[in-house]
Amino acid sequence: MDTMTAVKKEPKKKSEFLNPDDYRKDFPILNEIVHGKPLIYFDNGASTQKPLQVINAISDYYLHSNANVHRGIHALSEKATAAFEDSRKKIANFINASTEKQIIFTRGTSESINLVASAWGRKFVTADDEIILSEMEHHSNLVPWQILAQEVGAKLKFIPFKDDGTIDFPVFEQLISGRTKLVAITHMSNVFGTINPIKKIIRISHDRGVPVLLDAAQSVPHLPVDVEFLDCDFLAFSGHKMIGPTGIGVLYGKTQRLQNMNPYQGGGEMISSVWLENSTWNEIPHKFEAGTPNIAGAIGLGAAIDYLNDIGMTNIALYEQELTTYALEKMSSIKNLKIYGEAPERGGIISFNIGDIHPHDLSHFLDQQGIAVRAGHHCAQPIMRKLNIAATTRISFYFYNTKQEIDTFIDELENAINFFNY
Ligand code: C6P
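Last residue of the sequence shown: 1471 (our numbering), numbering continuous.
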């Protein structure tokens, strides 16, 4: 017998872009045993794990330089302020902002978008103005605009998505008009994984004098994102989705736009002078950072950015693409498995259902095998409604995931199908 044909060809396991084992050792949580099985963490779209370098940066701050920022003249406060502001510079460089003054610390993507809806929207959006969103937005890029629109009497318009989970671009070109005040759209869908054609959207919007806000919660952690190249007006993202801590996020804004906006919240730090009856505002970014900020969070995010830069965002993007192609190929051979979203340009997020197995039952089954996935509407109820489903199961990758983990996941999907007798 010809042994060459008898041997089953094994898929290539090694990637030319990065070796996850070089990084997994920095993430102690990846060694956890869950329900007696080694943890496979496929819920990175919801939140990522943290390496020791980030955990240590946070504890170093509390151990050696804990003090409030921008206030004290003493050594600890100066140290804390330097570390906090250094993180702001790292973030500016990471997304290629022209100055760190364009980087505002927030609690996360949701707060960043609320900040713009409140401080920019209330000043510049009036009755009968229109804001263009898409049907594939996360609730965080829908609800703040609904609140604003109801308050000022503006209208929301929606770019539809098609069966393959991509936006209907010609409809966008029809929707934009002299009444449009803003286009706010997700860079990468947290349900479909679709990477939207934002460069084109921004160019067309700018040709009409319309600013663009990008919800970059799922893109900045996974792709190289360059705000100068994209020319977006606002960009929002979260630290916890990019190996940083929870409770810290970023709003990037073009200088002129930030300067022209009202403050978001009142309090310490955001003022220049205060009288009993009125006040004047501090310069950007401090104008938008009322009260004591999340100092440890900002420092932790700076450490996360150092870590991601060491790997290289292009390597991360290419590696995740490889994992996604590998997973999609394997999943496509499973009977009755439907994947939602088939965009040619996509990130490492895969939403699916298997027949009528409920996503909560499937995710519970997978959890019992140590595999963490997300099941539900993914804070995108309008997507579910349009697809006429209640929920999906979703897997989402990061650079520390492996093809071996995908193999185990596929085996467990097959076991689930047997278990549920489907
Ligand atoms: N999506 C998910 O599992 P916050 O919660 O503020 O850090 O991020 C909100 C947010 C905004 N936009 C998009 C595209 C997002 O994916 C998210 C967070 C998580 O999909 C939690 S619902």
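Note that the Cβ used here is the ideal one computed from N, Cα and C, for glycine as well. Keep in mind the model is a prediction, meaning the values are calculated, not measured.
What would DSSP say about residue i, mapped onto helix, strand or coil?
i       : result
Leu1032 : Residue 1032 lies beyond the range of the chain shown here (1050 to 1471); nothing can be said about it.
Val1201 : helix
Arg1156 : coil
Gly1242 : coil
Leu1263 : strand
Ile1399 : strand
Val1103 : helix
Trp1169 : helix
Val1056 : Only weak support is given to the placement of Val1056: the predicted model assigns it a pLDDT of 41, under 50, and the value that follows is read from those uncertain coordinates. Val1056: coil per DSSP, three-state reduction.
Ala1392 : coil
Met1291 : coil
Ala1339 : coil
Lys1230 : strand
Leu1272 : coil
Val1192 : helix
Gly1298 : strand
Met1050 : Only weak support is given to the placement of Met1050: the predicted model assigns it a pLDDT of 33, under 50, and the question is left unresolved by the model.
Leu1067 : coil
Phe1469 : coil
Ile1078 : helix
Pro1312 : coil
Gly1009 : This structure cannot speak to residue 1009, because the chain is shown only from 1050 to 1471.
Ile1346 : In the sequence as presented, Ile is not what sits at residue 1346; that position holds Gly. Looking at Gly1346 - three-state DSSP - the assignment turns out to be helix.
His1413 : helix
Ala1146 : coil
Leu1307 : helix
Leu1325 : coil
Gln1098 : coil
Ser1108 : helix
Asn1117 : coil
Any chance the CB of residue i is under 6 Å from a heavy atom of the ligand C6P?
i       : result
Thr1374 : no
Cys1281 : no
Ala1421 : no
Thr1363 : no
Gln1267 : yes
Ala1095 : yes
His1426 : no
Asn1245 : no
His1187 : yes
Gly1293 : no
Thr1158 : yes
Asn1239 : yes
Asp1264 : yes
Ser1287 : yes
Please classify residue i: is it buried, with 16 or more other beta-carbons within 10 angstroms of its beta-carbon, or exposed?
i       : result
Thr1052 : Residue placement at Thr1052 cannot be trusted, given a pLDDT of 34 that sits under 50; what the coordinates show is reported in the next sentence. Exposed, because fewer than 16 other Cβ atoms sit within 10 Å of the Cβ of Thr1052.
Asp1264 : buried
Arg1252 : exposed
Tyr1471 : exposed
Arg1120 : exposed
Leu1372 : buried
Val1261 : buried
Tyr1111 : exposed
Ser1268 : buried
Gln1308 : exposed
Leu1415 : buried
Glu1186 : buried
Leu1325 : exposed
Glu1059 : Below a pLDDT of 50, predicted positions are generally treated as unreliable, and Glu1059, at 49, falls in that range; no measurement from the model is reported.
Ala1124 : exposed
His1413 : exposed
Ala1131 : exposed
Thr1155 : buried
Ala1055 : Confidence at Ala1055 is low in this model, with a pLDDT of 39, below 50, so its placement is unreliable and no value can be given for it.
At a threshold of 6 Å, does residue i count as lining the ligand ADP (C-beta to nearest heavy atom)?
i       : result
Thr1235 : With respect to the ligand ADP, the structure offers nothing, as its ligand set consists of the ligand C6P.
Which partner residues of residue i appear in the DSSP bridge assignment?
i       : result
Ile1420 : Ile1089
Asn1208 : A small correction: the amino acid at residue 1208 is Ile; Asn does not occupy that position in the sequence shown. Paired residue(s): Ser1183.
Ile1012 : A question about residue 1012 goes unanswered here, because the residues of the chain that appear run from 1050 up to 1471.
Ala1376 : DSSP output for Ala1376 lists no bridge partner at all.
Leu1386 : Ile1403
Ile1216 : Phe1210
Ala1285 : Asp1264, Leu1300
Met1237 : Ile1244
Val1174 : In DSSP, Val1174 forms no bridge with anything.
Val1083 : Lys1086
Ordered list of beta strand (DSSP E) runs contained in the region 1422 to 1465, each at least 3 residues: 1423 to 1425, 1441 to 1445
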